[in-house]
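**Student:** Can you read through this structure? Questions will come right after.
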Amino acid sequence: MRRAFRLGFVTGVVYFAGSVYWVTHVMTMYGGLQMWVGVLINAAMVATLALFPAVCAAIVYRLVIRAGPLAMMALPIVWVATELGRTYMPHIGFPWVLLGYSQASVLPIAQLASVVGVYGLSMLVAAVNAALVLIVIGPPDRRRFVPAAAMLAIVLLIAAWGGARLSRSEWTQTGDPIRVGLVQGNVDQAIKWDTAHASSIFEDHLRLTQEALAKGAEFVLWPESSMPFLFEEDPIDADRIRAIARTAHVPMLFGSDQVIWRQANGRRAVDKLYNAAFLVQPDGSTGGIYRKMHLVPFGEYVPLKQLLFFAAPLVEAVSDFTAGESLELLPVGTHRVGTVICYEIIYSDLVRRSVAAGSEMITTITNDAWFGATSAPYQHFSQASMRAIENGRYLVRSANTGISGIVDPYGRVLEQTPIFQPAVVVGSVRFLRTSTFYTRHGDVVAYAAVVMTLALLIVVRRRVQ
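Mapping of the sequence shown onto this note's numbering: residues -19 to 445, in sequence order.
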């Protein structure tokens, strides 16, 4: 069992070292750390994430030893249980690159997410692999081929159903249409808060907004933290945004930090700092504010600061944001839309709850400049597209350095910008009020996997006794 744990750990190290290697770049480039410290923190993160495949391997080993090779088919259940644990791990929950995201571009298979979410897709991928393993380690007769044959039939049925769902595409023909404009300012993170560049950054966003309006945009989105100033603290520049909204008679959604002040010793001091999204209505008034609920570890707060004493520059460089406490639906005409900021989009249940509460479109604003020219922006966009399939909603995404884009309710990418280039995207989407099975019932598959894993462990324990 210890050997199984070690092998699972090695598997996890390969998995995560190959997919979140870019964390070192973020730490050294923007966290002020020396390379060796950035590598050390990244290694600690990879090792922590690798514990989950290790636990999965150990549990499956125990089941196979106690119940025989066919217990290998419990692998998908145990794998999903550990993925859910990784999602909600205290302090540094990180559901990045779940196994199910491997199917994001395999659209006939990805349609299954509308029923069972990304965790259900993870279960499918793990089940196929478990069935293939049984061909090697299963009983020395034809029985070892039965699971693989069954999985082949299941995959073909899912693909046929998903293909038919894509062909019908009913939700692309219903609901009220609207043209959205996405602004990609391409602001280098190194100068984002440099006061010497604030004016030019703001003017560039205004210019790109006018370009979007000229192309017929009826709803304009700017990226996360796109303001080179605090929206509520700079009334002069804020009025310029309000004036555009009034003149064009369009709502605008954009990111800006929000400060909550308090009085201390007769002076005003910062009480709380939020990463927020503001919606300005066509009359220029503020229609709503959403405060980011899932903050980025090591980006917006430093978990376990006391243990990371060797990363003092990082702790000092990272703003100590406060997490928001509630979902907010923002008014766009007579419709309501939900928004999430940056990596919140990978929390499937957060987006699902927003849609279940009445969001008719998924919007997300992000600043992926931190990632640099790595695979991370592509991973991020691919994971965001899964939310569209799960909830049967159009997804619109404005990213500072890309990828900005539009995804339809079936996961088809309608518009996609290159990274690290200024861009304007204008495209047609629809407000939708229908709902998927996943939106109504959530991650029942993932939670059932946890219960079933515990039940299996209890059963094999009693069998031994």
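Note that CB positions come from ideal geometry on N, CA and C, so glycine has one too.
(1) Tell me the DSSP secondary structure of E305 in three-state form.
(2) I think Y418 touches R332, with their Cβ atoms under 8 Å apart; what is that distance to the nearest whole Å?
(3) Can the beta-carbon of A379 be found closer than 8 Å to that of P231?
(4) Using only CA atoms, which one of N347, D168, L412 lies nearest to V312?
(5) Check whether the Cβ atoms of F(-15) and A47 lie closer than 8 Å to each other.
(6) Mind the definition here: the segment 252 to 271 touches the segment 300 to 318 only if three or more C-beta pairs lie below 8 Å; say whether that holds.
(7) Just to confirm my understanding: we take A292, look at its own chain, exclude 5 residues before and 5 after, and list those with CB closer than 7 Å. What are they?
(8) Kindly indicate which three-state DSSP category F361 falls into: helix, strand or coil?
(9) In the DSSP output, what is D237 paired with across the bridge?
(10) On a CA-only basis, which of R410, A426, L104 is nearest P157? Give me that one, please.
(11) In whole angstroms, what is the alpha-carbon distance linking F(-4) and R222?
(12) Using alpha carbons as the reference points, say which of P75, T62, S149 lies closest to P88.
(13) Buried or exposed, going by whether 16 or more other CB atoms sit within 10 Å of the CB of K195?
(14) To which residues of the same chain is A106 closer than 8 Å at the C-beta, ignoring the five residues directly before and after it?
(15) Going by DSSP, what residues sit across from M232 in a beta bridge?
(16) Could you tell me the distance, in whole angstroms, from the CA atom of I383 to the CA atom of M366?
(17) If you reduce the DSSP assignment to three classes, tell me which class H421 lands in.
(18) Which residue from Q261, Q83, I21 puts its Cα closest to that of M7?
(19) Alpha carbon to alpha carbon, how far is L434 from V440?
(20) Using only the alpha-carbon positions, how far apart do S415 and G18 sit?
(21) Report all residues from its chain with a CB closer than 8 Å to the CB of E63; omit the five preceding and five following residues, and keep chain order.
(22) For the beta strand (DSSP E) that T344 lies in, which residues bound it at each end?
(23) Quick check: the Cα distance between G407 and T397, rounded to an integer number of angstroms?
(24) Going straight from the alpha carbon of L330 to that of P119, what length do you get?
**Tutor:** This is what the structure gives:
(1) Correct three-state label for E305: coil.
(2) Contact between Y418 and R332 is confirmed by a C-beta separation of about 7 Å, below the 8 Å threshold.
(3) Contact flag unset, no.
(4) The option with the nearest alpha carbon to V312 is L412.
(5) No.
(6) In short, these stretches touch, since the Cβ pair count reaches three.
(7) Residue placement at A292 cannot be trusted, given a pLDDT of 49 that sits under 50; what the coordinates show is reported in the next sentence. The answer is none, since no qualifying residue turns up.
(8) DSSP places F361 in helix when its eight states are reduced to three.
(9) D237 pairs with N255.
(10) The option with the nearest alpha carbon to P157 is R410.
(11) Cα to Cα, F(-4) sits roughly 44 Å from R222.
(12) When only C-alpha atoms are compared, the closest one is S149.
(13) With fewer than 16 other Cβ atoms inside 10 Å of its own Cβ, K195 counts as exposed.
(14) Taken in chain order, the residues that qualify are L55, P56, W59, V60, L79.
(15) M232 is bridged to V200, V260.
(16) Near 15 Å, if we compare the C-alpha coordinates of M366 and I383.
(17) If DSSP states are grouped into helix, strand and coil, H421 belongs with the helices.
(18) Checking every option, the nearest Cα to that of M7 belongs to I21.
(19) Those two C-alpha atoms are separated by around 10 Å.
(20) Rounded to whole angstroms, S415 to G18 spans 43 Å at the Cα level.
(21) The residues are F32, P75, L78, L79, Y99, S102, A426.
(22) Following the DSSP letters along the chain, one finds T344 inside the beta strand (DSSP E) bounded by residues 342 to 346.
(23) The C-alpha of G407 lies about 12 Å from the C-alpha of T397.
(24) C-alpha separation (whole angstroms): 44 Å.
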